[in-house]
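Numbering (this note's numbering), first residue to last: 8 to 147.
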């Protein structure tokens, strides 16, 4: 092998090494630029705070119904719209109260029917007693 061939081989190896190193550097530079761009994009779109103060309107909830919570339909710090269902209450207690009220209604209706039949019996007894009085007056 001549010196020219040796120099050409070294030059070829040097070119391959330079191409590989340049490719790696370009990939690293692009990755760094991508990471910087995404970090900057997040920084622009989202407010960052270190003192834990919220820069939004936080509204307290007033609950009108009592009961145990069965299901929570929102996540903490989630934006919600008016009319969204936030909580689902356990309705078993309310169903029991409805059944009790229906039973009380049926009991009251039964008592009313019993009183009506008692009134009818009393009217019949009054009619019998009036007939007895009329019979006694007729005998006198």
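Glycine is no exception: its CB is placed at the ideal position from the N, C-alpha and C atoms.
Provide the residue span of the beta strand (DSSP E) that contains residue i, from first to last.
{"i": "residue 95", "result": "94–96"}
Specify, as a first and last residue, the run of the alpha helix (DSSP H) that residue i falls within.
{"i": "residue 119", "result": "99–146"}
Would you list the one or two residues that DSSP bridges to residue i?
{"i": "residue 12", "result": "DSSP output for residue 12 lists no bridge partner at all."}
{"i": "residue 78", "result": "95"}
Using C-beta distances below 6 Å, list every residue in its chain close to residue i, excluding the 5 sequence neighbours before and after it, in chain order.
{"i": "residue 112", "result": "none"}
{"i": "residue 95", "result": "77 and 78"}
Under 8 Å Cβ to Cβ from residue i, same chain only, skipping five residues before and after it: list those, please.
{"i": "residue 105", "result": "none"}
{"i": "residue 127", "result": "none"}
{"i": "residue 130", "result": "none"}
{"i": "residue 123", "result": "none"}
field: the stretch 47–54 touching the stretch 72–91, judged by at least three CB pairs closer than 8 Å
entry: no
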